[in-house]
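Chemist: The listed protein sequences correspond, in order, to chains C and B. Just add 258 to the spot in the first sequence (first one is 1) and you have the working numbering. For the second sequence, position 5 (counting from the first letter as 1) is numbered -13 according to the working numbering, and the numbering increases by one without interruption. All C-beta atoms in this analysis are idealised placements derived from N, C-alpha and C, irrespective of residue type, glycine included. Only a predicted model underlies this, so the values are computations on that prediction, with no experimental measurement involved. Please see the structure below; I have some questions.
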Amino acid sequence: MCGIAGIVRVAEGPRDSILETVGRMRRCLQHRGPDDEGLFVARDGRAAFAHTRLSILDLSPAGHQPMSTADGRYTIVFNGEIYNFMALRRELETAGVPLTSRSDTEVILRLYEREGTACVRRLRGMFAFAIWDDIEKRCFFARDPLGIKPLYFCRSADSLAFASEIRALLNGGAVEGQLGMVGLYGYLTTGTVPEPATMLRGVQMLGAGHWLEWREGRIRSERYWGVSFAPERMGREEAARLAREALVDSLRHHFVSDVPVGIFLSGGLDSTTLLALAAEAGARKVSTYSIAFEEPEWDEGPLARRIAEHFGSRHHEVTITADIGRGWLEEFLDSVDQPTIDGFNTFCVSKVAHQSGAKVVLSGLGGDELFAGYRSFVTLPRVVRWMRATSLAAPLYRAAGAWLEGHSTSSKTRRMGDFLQQGASCGAFYRSFRCVYAHAEAAGLATRLLPYAVAPGRGSRTANPASDETLRDAVSLLELTTYMRNQLLRDSDVMSMRWGLELRVPFVDSALLEKVGRIPASLRLRPGKRMLIEAVPELPSWVLDQPKRGFTFPFERWFEDRWRDLLREAAPPPGVIVDTWYRGWALAVLQHWMRRNGVVAQDDRG
Amino acid sequence: MASLGGGRLRLLCKNDRADSLGGALPNGVGAVCAGDWPGVTRTVAFVGQIVPAALRDRPDLIICGHMNFALAAHWVHRWRGIPYWIIAHGIEAWNLRRPGMREAVRGSQRILAVSRFTRDRLVEQLDLPPDRLSLLPNTFDEGGLTPGPKPEYLLRRYGISARQPVILTVARLSSPERYKGYDKIIEAMPSILERVPQVHYLLVGKGDDRGRVERRVRDMGLEDHVSLAGFVPESELCDHYNLCDVFAMPSKGEGFGIVFLEALACGKPVVAGNLDGSRDALCDGELGALIDPDDVGQIAKTLAEILLGEYRHALIHRPQALRDAVVAKYGYARFEAQLREHLGQLNAHG
C-alpha cells in the first residue's frame, strides 16, 4: 500500500525536468509509504513514475516499485492490495510465465502483458495503478471496482499527470489550484467531493470500476464493473449460509499479508463480525484497536473491551477527550486531501493503531450499506412510496417545497423543501437525507466564491437508480456508490495513509457483493441487519441490543463547548443558517484547506 | 472629417449624451444629442430634433447612420429636396417589410453598405440598381487595442491559469440575438475538451438570454469550463481580448462584425461564420477562419486545431501579422480614404 504519482507526455523531452516534477510529487506522498521509494523515467523522457512504499507483501527488495518487465517494455506503479494474487500467480506459473518476486505488483504487470485491459476483471482487491508501455507509448490506468483506492489525474493537450492524492498534483506543481464549481457545489451539498469531480478545476478522479488508456494525448475509458444485484429465489437459511460463506471468504482473502493484521473495533455489529469470523478465516491472535470517550453516551470503549475479551483479542484502547481531540485537530486539518466534513474519527483511530505498531488493520466499513444498517433503508422507501401514492398533489408539494426552502429558518426544513421540489425519486430523497446544505444555499455559497461560474442545477449529479429495482436495493446502491464511495472510503484512505497504515475493508469486496447480491432484498435488507445477525450467530446478544454507533464522535458536544472558536472563524454569509455543527464545520474545513494549499477562488477585486 | 475637404459637419446622436461626446469632437463639428431622454421618448425627441435641424440648416447631404431614420430623411427630401444617404449595417437592413421604410430606402440617393452581404440583401429585396450601393466597411479604434500578455487581474478574476487556453466571445446575451452562435460553442465544448482538456470558454456580455445560457451550461455539465463575465466596461475590453487564445463568434447575423476587427487588432486568431457579413470582416478567410455556423463539429475541430497550433493558415498563428493586416484593411486611414472617395462622388455629381 503506497503512494503513486507520475507524468506521461506526448513528445520526447528532457529527463531531468520531468524527474524533478515527479520527485516533488513523490515528496508530497512520503507519508503514504515510509518503507521505500522509487523513481522511473523512460529513456526518451516521455514517462516518469514515482512510488512510495509501505511494505505488506513481499517485504524484500524484489517488491520495489516502479517495477519493469525484464525486457523494459512495461513499467508499473501500483497502490493497493490484490487479495487473489496467489491464485493468479499459480495460474501464470502454470502458463510458463517466469516470476521473479512474491509480490502482487508483478502479477498485475504480467497479467496486463498477457491480457491487456481485460486484466482488471481478474483482480480482486483494492487498487489504483498505472502501466507504461514503452513500445506503444501508451499508459494504462485502472481503479478497483468499488473505489477504495483513489487516483487523481489532470490532463493537458500534451501530457497527463496522476497521483494518489490531489495535493501531490497541486503541491508537486502539476496543476494550479483553482477551485472548481462542480466539486465545490458537491462538497457543500454532501460534505464531501463526489467523484469524478474534484475540488480543483481540471483535475478528475478516475471513476470506481473504470480503466483509462492514454495515448498521444487522447484517452479512452471504460467502466468494467458496476454495483448490481441479481436476486435469486431462496429461503432464510440458505441466505444466511450464503452470506456467511461470502463473508468468511472475503475475510480470508483480506487476512493475506506478510505482516500482522489487526481490526478496528467500534462496538458495532460490523467490526464485531470481523472479529467473530477471524478464526474461521484463518487468523490467529489478532490485535484490536478502539477509542473511548469521557462522554458516556458516546463512549463505546467498555463495549469494545468486552467484545475483545469475549473473542480473546489483544486489545488496545485510547481515551480521547475534547482537549486531546483539539490537540490533534490541527494535524488532522493538515492531513485533509480534499475537504470533507468527516474523517477525524479515522484519523484518530489510525493514529492510535499506528502508535501501537500496527501496519494493516481491517475495518467494518461497508456492512451498513450491504445489510441495511442505516435509517435511510427504512425512511426512504416509506417516503417515496407515500409521495408516489399521493402523486396528484405533486404541484402542491413543489410549491410548498419552494416556500419552505426560501423561508424556513431551520436547515432541516430547508432540506425538506429542496426535496419536495424534486418529485418522488429515490435519488432526490437520498440527496436531501444526506445533505449538508440544501440546493439554494449551496448554490449561493458556491457562487460567492465563484461569481462568474454557473452553479449546477437542483437535483443534478446523483444517479437515479433504475426503477425496476426494489426501493431497498436502490438505497443500498445509493449508499454504496455515493456516501460510502465519496465520503467513507475517501476519508479512510487519506486518514489511514496519513499514518502509513493500511486499512482493509472486507465488506467492500466485489466478490462478496456479487455473492450476497443473489440474496433478495426482502431477506438481505431487513431493518436492523437481521441478515447479518442470522449469518453470524457468534455475535453476542449484548452486542445486538446496542444503539447504532460506529466510531461516532461527540462533535456536537465539543463544538458547543471547547471547540466553539473553530467555527467562529469561518462565519457564514447572511441568509445561510448554521444550526448544526457540521454546517459550520464544512465552511471551516473548506477555508482551512484553501489557505493551507494555496487554492484560489475567483477574485473580483482585481 | 475636418480633413474631408472643408465641409461643415453637424452630428445628431440619438443615444449619446452631449457631455459624453463633447470632448471627442474635432473643432467645427457641432452635435445635438438626445441621450438624456429616457426610454421610448428618446426616439420621439430625436426625430423632433433632426427634422427641424434639417429644415433650418439646409445641409447639402444627410447621412443616416442607421436605417431607422431613413423615413425622416425621406420626408425632408420630399419637402426640401435635400439628398440623403443611408448607411446599412446588418440585420435591420436584411428584411424590410414596412412599405414606408422600403420606399424611404429605395428613395435614397446612395446606400453605403458595411458589407457585400448587406449590399446583396438590399439589392435583392428592393430590386435596386447595383450602382446605387457602395461599400463602406466598418472601422475600429486601432490605437486602443494592442496585443499584450494575459492580464494578471483577469486571470485572478476568472480563476484561470496562465497556461489555460481560453476561447472568448463578446456578444450581447439577448434573446433576439441568439444568432451570435455562443450556443454552438457551448455545444462544441465537450469535443474541444477531449483534445484540449484545459480549455476554458469565456462569454462576455449581458442580457436577458443569460438564464437560458446558464441552463445550457448546466445541462451539458460544463460548469467548470465556462465563465460568464457579464457586462465588461469599454476600458477592460482590450484586456479581455488579450486574455484569450482565440476569439470565436460563429454568428449568422453579422452585418459586418466589428468585434472581429478588435480581436484581430490584439493579434488574436478569429473564428467566424461564413454566411453573413463576417465574411467581409475576415476578408473571405484571409484574416481568420470562416466556418459553417450551424456545424458544431466543424466549430469544435477548428477551435481545437487553432488552440493546438495545427490550423493551416498564413496569418492566424502570427499575432503581429494579424494586427498589421487588419489595420491595413480596416484601420482608420483606409476608412477615411474610402469615405473621401464616396463624398468626392457627391461633389462630382453636384
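(1) Under 7 Å between C-beta atoms, does Asp206/B make it to chain C?
(2) Look at the alpha carbon of Ser479/C and the alpha carbon of Leu367/C, and state the distance between them as a whole number of angstroms.
(3) Who are the Cβ neighbours of Cys286/C in its own chain at under 6 Å, not counting the five residues just before and after it?
(4) Tell me the rounded alpha-carbon separation between Asp190/B and Cys226/B.
(5) Let me know if Tyr314/B comes out buried or exposed under the rule of 16 or more other beta-carbons within 10 Å of its beta-carbon.
(6) What's the gap between the Cα of Gly659/C and the Cα of Arg646/C?
(7) Is the CB of Ser143/B under 7 Å away from at least one CB in chain C?
(8) Tell me the DSSP secondary structure of Asp726/C in three-state form.
(9) For the beta strand (DSSP E) containing Gln180/B, list its first residue and its last residue.
(10) Where Leu746/C and Val619/C are concerned, what is the direct C-alpha to C-alpha distance, given to the nearest angstrom?
(11) Please report how far the alpha carbon of Gly82/B lies from the alpha carbon of Ile240/B, in whole angstroms.
(12) What residues in its chain sit with their C-beta under 8 Å from that of Ser157/B, if we drop five residues either side in the sequence?
(13) Given a threshold of 16 other Cβ atoms within 10 Å of its Cβ, counted over all protein chains shown, does Glu338/B qualify as buried or as exposed?
(14) Roughly how many angstroms separate the alpha carbons of Ala254/B and Pro232/B, rounded to a whole number?
(15) For Gln436/C and chain B, any beta-carbon pair shorter than 7 Å?
(16) Please list the segments of the beta strand (DSSP E) lying wholly inside the region 6 to 65 of chain B, counting only runs of 3 or more residues, in order along the chain.
(17) Using 7 Å as the limit for Cβ to Cβ distance, is Tyr140/B near chain C?
(18) Ignore the nearest five residues each way along the sequence and tell me which others in Thr450/C's own chain have a CB closer than 6 Å to its CB.
(19) Would you please verify whether the beta carbon of Ser209/B is less than 7 Å from any beta carbon of chain C?
(20) Across the region 431 to 439 of chain C and the region 514 to 525 of chain C, are there enough close Cβ pairs to call them in contact, namely three or more that are closer than 8 Å?
(21) Anything in the region 172 to 187 of chain B with a Cβ closer than 8 Å to a Cβ of chain C? List those residues in chain order, please.
(22) Which whole-angstrom value is the C-beta distance of Thr121/B and Phe317/B, which I expect to be below 8 Å?
(23) State the DSSP-derived secondary structure class of Tyr445/C, mapped to helix, strand or coil.
(24) Within this structure, are the beta carbons of Leu43/B and Pro65/B separated by less than 7 Å?
(25) Of all the options Arg62/B, Arg92/B, Gln107/B, Gly63/B, which has the alpha carbon lying nearest to the alpha carbon of Leu78/B?
(26) At 3 residues or longer, and completely inside the region 52 to 134 of chain B: list those beta strand (DSSP E) runs for me, N to C.
(27) Determine which residues share a DSSP beta bridge with His574/C and list them.
(28) For the region 400 to 426 of chain C, which residues have a beta carbon sitting closer than 7 Å to at least one beta carbon of chain B?
(29) Using a Cβ-Cβ cut-off of 7 Å, state whether Asp726/C counts as contacting chain B.
(30) Would Phe238/B pass as a contact of Gly259/B if the rule is Cβ separation under 7 Å?
(31) Are there 16 or more other CB atoms within 10 angstroms of the CB of Asp262/B, so buried, or fewer, so exposed?
(32) Strictly under 7 Å for the Cβ-Cβ distance: is Val87/B near chain C by that measure?
(33) If we cut at 7 Å on Cβ distances, does Val199/B have a partner in chain C?
(34) My guess is that Val752/C and Gly601/C are in contact by the Cβ rule of under 8 Å, so how many angstroms apart are they, rounded?
(35) Rounded to whole angstroms, what's the CA-CA distance from Phe312/C to Ala421/C? Just pull it up for me.
(36) Is Phe242/B helix, strand or coil when you go by DSSP?
Modeler: Considering the structure as presented:
(1) For the purposes of this step, residue 206/B is identified with residue 224 of the second sequence, where counting begins at 1. The C-beta of Asp206/B comes closer than 7 Å to at least one C-beta of chain C.
(2) Residue mapping note: residue 479/C aligns to position 221 of the first sequence, counting from 1. Residue mapping note: residue 367/C aligns to position 109 of the first sequence, counting from 1. Their backbone Cα atoms lie some 19 Å apart in a straight line.
(3) Sequence index remark: in the first sequence, residue 286/C carries index 28 (1-based). Cβ within range, chain order: Arg425, Ala426, Asn429, Gly430.
(4) As a working mapping, residue 190/B is identified with position 208 in the second sequence. As a working mapping, residue 226/B is identified with position 244 in the second sequence. Looking at the backbone, the Cα of Asp190/B and that of Cys226/B are separated by about 25 Å.
(5) By 1-based counting over the second sequence, the position of residue 314/B is 332. That one is exposed.
(6) Here residue 659/C corresponds to residue number 401 of the first sequence, with the count starting at 1. Here residue 646/C corresponds to residue number 388 of the first sequence, with the count starting at 1. Straight across, the Cα-Cα distance linking Gly659/C with Arg646/C is about 16 Å.
(7) The residue you call residue 143/B lines up with position 161 of the second sequence. It does; some Cβ of chain C falls within 7 Å.
(8) To locate residue 726/C, count along the first sequence from 1; it is residue 468. Interpretation of Asp726/C is limited by its pLDDT of 47, a score under 50 that renders its predicted location unreliable; the figure taken from the coordinates is listed afterwards. Annotated three-state conformation of Asp726/C is coil, per DSSP.
(9) Here residue 180/B is taken as the residue at index 198 of the second sequence, counted from 1. From DSSP, Gln180/B is part of no beta strand (DSSP E); its letter is neither H nor E.
(10) If you number the first sequence from 1, residue 746/C lands on position 488. If you number the first sequence from 1, residue 619/C lands on position 361. Going from the Cα of Leu746/C to the Cα of Val619/C covers about 16 Å.
(11) If you number the second sequence from 1, residue 82/B lands on position 100. If you number the second sequence from 1, residue 240/B lands on position 258. Gly82/B and Ile240/B: Cα-Cα distance of roughly 30 Å.
(12) Here residue 157/B corresponds to residue number 175 of the second sequence, with the count starting at 1. A distance below 8 Å between beta-carbons, with the five flanking residues on each side excluded, links Ser157/B to the following residues of its chain, in chain order: Gly189, Asp190, Asp191, Arg194.
(13) What the structure shows of chain B is the stretch from -17 to 332, and residue 338/B is not part of that stretch, so it cannot be assessed.
(14) If you number the second sequence from 1, residue 254/B lands on position 272. If you number the second sequence from 1, residue 232/B lands on position 250. Going from the Cα of Ala254/B to the Cα of Pro232/B covers about 4 Å.
(15) By one-based count along the first sequence, residue 436/C stands at place 178. By this cut-off, Gln436/C is an interface position.
(16) The qualifying runs are 12 to 15, 44 to 46.
(17) Start at 1 with the first residue of the second sequence, and residue 140/B comes out as number 158. It does; some Cβ of chain C falls within 7 Å.
(18) The residue you call residue 450/C lines up with position 192 of the first sequence. Correct list, in chain order: Thr598, Asn744, Gln745.
(19) Numbered from its first residue, the second sequence carries residue 209/B at position 227. Yes, because at least one Cβ of chain C sits closer than 7 Å to the Cβ of Ser209/B.
(20) Verdict: no, contact absent.
(21) Per Cβ criterion, the list reads Glu176, Arg177, Val178, Pro179, Gln180.
(22) Taking the first residue of the second sequence as position 1, residue 121/B is located at position 139. Taking the first residue of the second sequence as position 1, residue 317/B is located at position 335. Their Cβ separation, rounded to whole angstroms, is 4 Å, which keeps Thr121/B and Phe317/B in contact under 8 Å.
(23) Looking up residue 445/C in the first sequence gives position 187. Residue state, collapsed to three classes: helix.
(24) Counted from its first residue, the second sequence places residue 43/B at position 61. Counted from its first residue, the second sequence places residue 65/B at position 83. Closer than 7 Å, so yes.
(25) Here residue 78/B refers to the residue found at position 96 of the second sequence. Among Arg62/B, Arg92/B, Gln107/B, Gly63/B, the Cα nearest to that of Leu78/B is on Gln107/B.
(26) Listed in chain order, they are 66 to 70, 92 to 95, 115 to 117.
(27) Taking the first residue of the first sequence as position 1, residue 574/C is located at position 316. For His574/C, which the question treats as bridged, DSSP gives the partners Tyr547/C.
(28) The region 400 to 426 of chain C vs chain B, Cβ under 7 Å: Arg413, Ser414, Ala415.
(29) Here residue 726/C corresponds to residue number 468 of the first sequence, with the count starting at 1. The predicted position of Asp726/C is uncertain, since its pLDDT is 47 and thus under 50; no value can be drawn from it.
(30) Against the second sequence, residue 238/B aligns to sequence position 256. Against the second sequence, residue 259/B aligns to sequence position 277. Result yes, Cβ atoms of Phe238/B and Gly259/B sit closer than 7 Å.
(31) Here residue 262/B refers to the residue found at position 280 when the second sequence is read from its first residue. Looking at its Cβ environment, which holds 16 or more other Cβ atoms inside 10 Å, Asp262/B is buried.
(32) Walking along the second sequence from the start, residue 87/B turns up at place 105. By this cut-off, Val87/B is not an interface position.
(33) The sequence position of residue 199/B within the second sequence is 217, counting from 1. By this cut-off, Val199/B is an interface position.
(34) In the first sequence, residue 752/C corresponds to position 494, counting from 1. In the first sequence, residue 601/C corresponds to position 343, counting from 1. Yes, Val752/C and Gly601/C are in contact; Cβ-Cβ is about 7 Å, under 8 Å.
(35) On the first sequence, residue 312/C is found 54 positions in, with the first residue counted as 1. On the first sequence, residue 421/C is found 163 positions in, with the first residue counted as 1. It should be pointed out that residue 312/C corresponds to Leu in this sequence rather than to Phe. The alpha-carbon atoms of Leu312/C and Ala421/C are separated by roughly 16 Å.
(36) Working through the second sequence from its first residue, we reach residue 242/B at position 260. For Phe242/B, the secondary structure class from DSSP, reduced to helix, strand or coil, is helix.
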